[in-house]
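Chains as they are written, first to last, in my numbering: chain Z, 1 to 405; chain L, 406 to 615.
As structure tokens, this is what we get:
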């Protein structure tokens with residue numbers, strides 16, 4: 001029997017696992033999206049009681065037990081149901097306890113064991129459901145009913161939660177421990193189940209619920225304040241809209257000005273420094289240092305700007321009016337005019353130019369090299385070289401000759 | 406040497422509203438009865454005292470005796486405040502509607518300018534509202550872009566002390582206790598003039614729902 005149950009249960013769980021995607025989609029969206037693809041799976045799940053159809057024309061939904069299981073496993077805050085049906089659970093527990101005692105009395109120990117196991121299961125369930133209810137209330141408080149958008153909705157949710165708390169507290173009152181103790185009598189197992197563990201849970205829950213209730217009230221107060229402020233702002237705008245010529249009364253003209261509107265004139269201007277006060281010398285020197293630094297940086301900035309400007313102009317200036325370059329140009333013109341080989345140094349002497357000879361030679365060579373290629377091929381440059389007496393391969397340019405090709 | 410008390414007195418005399426957000430140290434000092442009495446004693450020489458509003462959320466400087474001159478000052482300040490009520494309330498409603506939450510602005514609430522701007526730019530009704538608000542004399546913006554209008558409005562609000570910008574490099578603003586003062590003034594006007602503003606808004610909301 002039990003091995004058969006085990007097998008069926010396993011195949012049921014396997015079926016759930018096989019259809020995990022479908023089930024989670026249903027959990028998230030609320031209803032089954034029935035298509036041709038999943039028709040077979042849906043039919044099987046419906047047969048197993050996992051999916052249920054409320055009315056013939058309604059879409060399929062998850063069975064409540066499966067939904068609760070998922071909510072529990074996922075710590076989902078959407079599960080807002082609080083099971084407050086403690087009364088009927090208690091009645092069942094009492095009945096089972098009587099069955100157990102009767103079976104014990106008749107020395108039917110297997111039956112008594114079965115009753116006790118069932119009783120333990122029920123007590124466990126009751127305790128879990130109480131704990132779950134408080135936990136769900138806490139999670140709702142902790143995110144301040146964040147799963148609903150508007151303030152009005154939050155207030156409604158809060159009121160619902162408060163109702164649930166009072167109902168829970170009401171059902172906790174149904175526990176009559178004197179009755180339960182009497183019922184348990186001297187049966188040790190029953191006492192442990194009915195009196196000790198239940199009482200423990202109940203004390204815990206009652207304490208927690210009291211805190212929950214006060215937190216809920218505080219939250220409600222805050223929500224109402226927020227709502228009141230929003231209404232105050234909107235109401236003011238509405239009033240201004242409805243009465244375009246509305247003027248606020250002159251509330252300060254009365255004999256007793258409300259303290260709220262009694263606002264002193266701002267009357268402090270920056271004070272001046274006492275330069276004669278020796279005690280402040282350090283601070284003053286620091287201040288003065290600050291001033292100078294600012295001036296200097298300003299001057300530096302100015303200079304930097306001026307430099308940048310002058311650089312551009314100076315370059316243009318040199319290009320147009322550089323005497324050395326002009327003289328070299330004239331030397332090249334002379335080469336063209338005379339159409340013969342000319343020595344740069346001889347020309348330098350002839351013209352009695354003021355430039356140092358070395359600079360002159362450099363400029364001549366430089367000018368030759370900087371000519372455009374099509375012009376340079378009309379000239380030839382021939383340096384007079386002298387070997388260095390000590391280092392081989394080092395040559396001195398004594399003079400250069402330029403000719404027209 | 407300036408003491409902490411001296412600093413607080415100076416801030417009060419400058420007409421600042423002192424709250425936890427704008428100046429926590431000064432606010433803590435004024436919360437302390439002994440220290441507050443000390444400040445009051447100093448201010449008494451100038452016919453001034455410290456007043457708190459919205460249940461010790463903000464402290465500000467007020468007059469002890471009201472003669473002709475003081476009444477004039479209070480009158481002009483009240484007129485200024487009344488003149489800025491409509492733009493301010495309009496702005497607060499705009500921020501609330503553009504924000505994700507359902508909460509109205511209150512002390513310590515952060516406003517992210519970039520988020521606000523993108524929401525306003527996406528919703529034409531909100532950008533129209535912003536344009537209307539920015540044109541009030543209080544804000545005095547001539548800009549036609551949402552960006553320019555918002556920047557000007559927030560700049561003015563910082564100058565007026567309703568907002569602070571904790572980090573200059575970030576476009577995140579924080580509402581100060583002066584906002585709470587504003588609510589208090591509104592509530593005061595509502596009660597003394599029996600305007601029943603909240604009831605009107607509620608009735609309007611229900612009409613909307615119907």
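Note that CB positions come from ideal geometry on N, CA and C, so glycine has one too.
**Contact set between residue 135 (chain Z) and chain L, taken where Cβ atoms lie within less than 9 Å** = Here the premise fails: no neighbours, minimum Cβ distance about 26 Å.
**Message:** Let me confirm a value: residue 522 (chain L) is counted as buried when at least 16 other C-beta atoms fall within 10 Å, else exposed. Which label applies?
**Reply:** Classification of residue 522 (chain L): buried, given that the 10 Å Cβ count is 16 or more.
**Message:** Please return the same chain residues whose Cβ sits closer than 6 Å to the Cβ of residue 417 (chain L), not counting the five positions on each side in sequence.
**Reply:** Hits under 6 Å: 466.
**Any chain Z beta carbon closer than 8 Å to residue 456 (chain L)** = Chain Z places a beta carbon closer than 8 Å to that of residue 456 (chain L), counting this residue as a contact.
**Request:** Within its chain, find whatever has a CB closer than 6 Å to the CB of residue 312 (chain Z); leave out the 5 residues flanking it on each side and keep chain order.
**Result:** Any reading at residue 312 (chain Z) must be qualified, since the residue scores a pLDDT of 49, below 50, and its modelled position is unreliable; no value is offered.
**Candidates L:498, L:594, L:526 and L:408: closest to residue 443 (chain L) by CA position** = In terms of CA proximity to residue 443 (chain L), L:408 leads the group L:498, L:594, L:526 and L:408.
**Prompt:** Buried or exposed: where does residue 138 (chain Z) fall if 16 or more other Cβ atoms within 10 Å of its Cβ makes it buried?
**Reply:** It is exposed - the Cβ of residue 138 (chain Z) has fewer than 16 other Cβ atoms within 10 Å.
**Asked** Comparing the C-beta of residue 249 (chain Z) with each C-beta of chain L, is any distance below 8 Å?
**Response** Yes, contact with chain L.
**Request:** Mark residue 8 (chain Z) as exposed unless 16 or more other C-beta atoms lie within 10 angstroms of its C-beta, in which case mark it buried.
**Result:** With fewer than 16 other Cβ atoms within 10 Å, it is exposed.
**Opposing strand residues paired with residue 467 (chain L) [DSSP bridges]** = Residue 467 (chain L) is bridged to L:454.
**Prompt:** What is the rounded straight-line gap between the Cα of residue 445 (chain L) and the Cα of residue 593 (chain L)?
**Reply:** C-alpha separation (whole angstroms): 25 Å.
**Message:** Quick check on DSSP: helix, strand or coil for residue 384 (chain Z)?
**Reply:** Assigned with DSSP and collapsed to three states, residue 384 (chain Z) falls in strand.
**Message:** Given a cut-off of 8 Å on the beta-carbon distance, is the pair residue 216 (chain Z) and residue 158 (chain Z) in contact?
**Reply:** Contact: yes.
**Nearest to residue 448 (chain L) (by Cα), restricted to the options Z:265, Z:172 and Z:27** = Distances from the alpha-carbon of residue 448 (chain L) to those of Z:265, Z:172 and Z:27 put Z:265 closest.
**Message:** If contact is defined by three or more beta carbon pairs under 8 Å, each pair taking one atom from either stretch, is the segment 46–55 of chain Z in contact with the segment 9–25 of chain Z?
**Reply:** Here the segment 9–25 of chain Z makes contact with the segment 46–55 of chain Z; the two share three or more CB pairs at distances below 8 Å.
**Asked** What residues from chain Z crowd round residue 479 (chain L), counting only those whose CB sits closer than 9 Å?
**Response** Those within 9 Å of residue 479 (chain L) in chain Z are 252, 257, 261, 262, 263, 264 and 265.
**Message:** With DSSP as the reference, identify every bridge partner of residue 403 (chain Z), one or two as the case may be.
**Reply:** Residue 403 (chain Z) pairs with Z:380.
**Prompt:** Any idea if residue 234 (chain Z) is buried or exposed, counting beta-carbon neighbours within 10 angstroms, 16 or more meaning buried?
**Reply:** Classification of residue 234 (chain Z): buried, given that the 10 Å Cβ count is 16 or more.
**Request:** Please name the residue in Z:174, Z:161 and Z:199 whose C-alpha comes closest to that of residue 214 (chain Z).
**Result:** Of Z:174, Z:161 and Z:199, the residue nearest in Cα terms is Z:161.
**Request:** Please list, in chain order, all residues of the same chain as residue 486 (chain L) whose beta carbon is under 7 Å from its beta carbon, the five residues on each side excluded.
**Result:** Leaving aside the five residues that flank residue 486 (chain L) on each side, the residues in its chain whose CB is nearer than 7 Å to its CB run, in chain order, 590.
**Prompt:** Is the Cβ of residue 470 (chain L) closer than 8 Å to any Cβ of chain C?
**Reply:** The chain labelled as chain C is not found among the protein chains of the depicted structure, namely Z and L.
**First through last residue of the beta strand (DSSP E) which encompasses residue 517 (chain L)** = It spans 515–517 - the beta strand (DSSP E) in which residue 517 (chain L) sits, taken as one unbroken run.
**Asked** Out of curiosity, what's the CA-to-CA distance linking residue 2 (chain Z) and residue 114 (chain Z)?
**Response** Answer to the nearest angstrom: the Cα atoms are 14 Å apart.
**Asked** Cβ atoms of residue 410 (chain L) and residue 436 (chain L): under 8 Å apart, would you say?
**Response** No. Outside cutoff.
**Message:** Within a Cβ cutoff of 6 Å, which residues of the same chain sit near residue 411 (chain Z), ignoring the five residues on either side of it in sequence?
**Reply:** The shown model of chain Z, from 1 to 405, leaves out residue 411 (chain Z), and the question about it has no answer.
**Message:** For residue 386 (chain Z), tell me which candidate among Z:395, Z:349, Z:52 and Z:378 has the shortest Cα-Cα distance.
**Reply:** When each option's Cα is compared against that of residue 386 (chain Z), the closest is Z:395.
**Message:** Does the CB of residue 525 (chain L) have a neighbour CB from chain Z at under 8 Å?
**Reply:** In terms of beta-carbon proximity, residue 525 (chain L) stays away from the interface with chain Z, with every pair separated by 8 Å or more.
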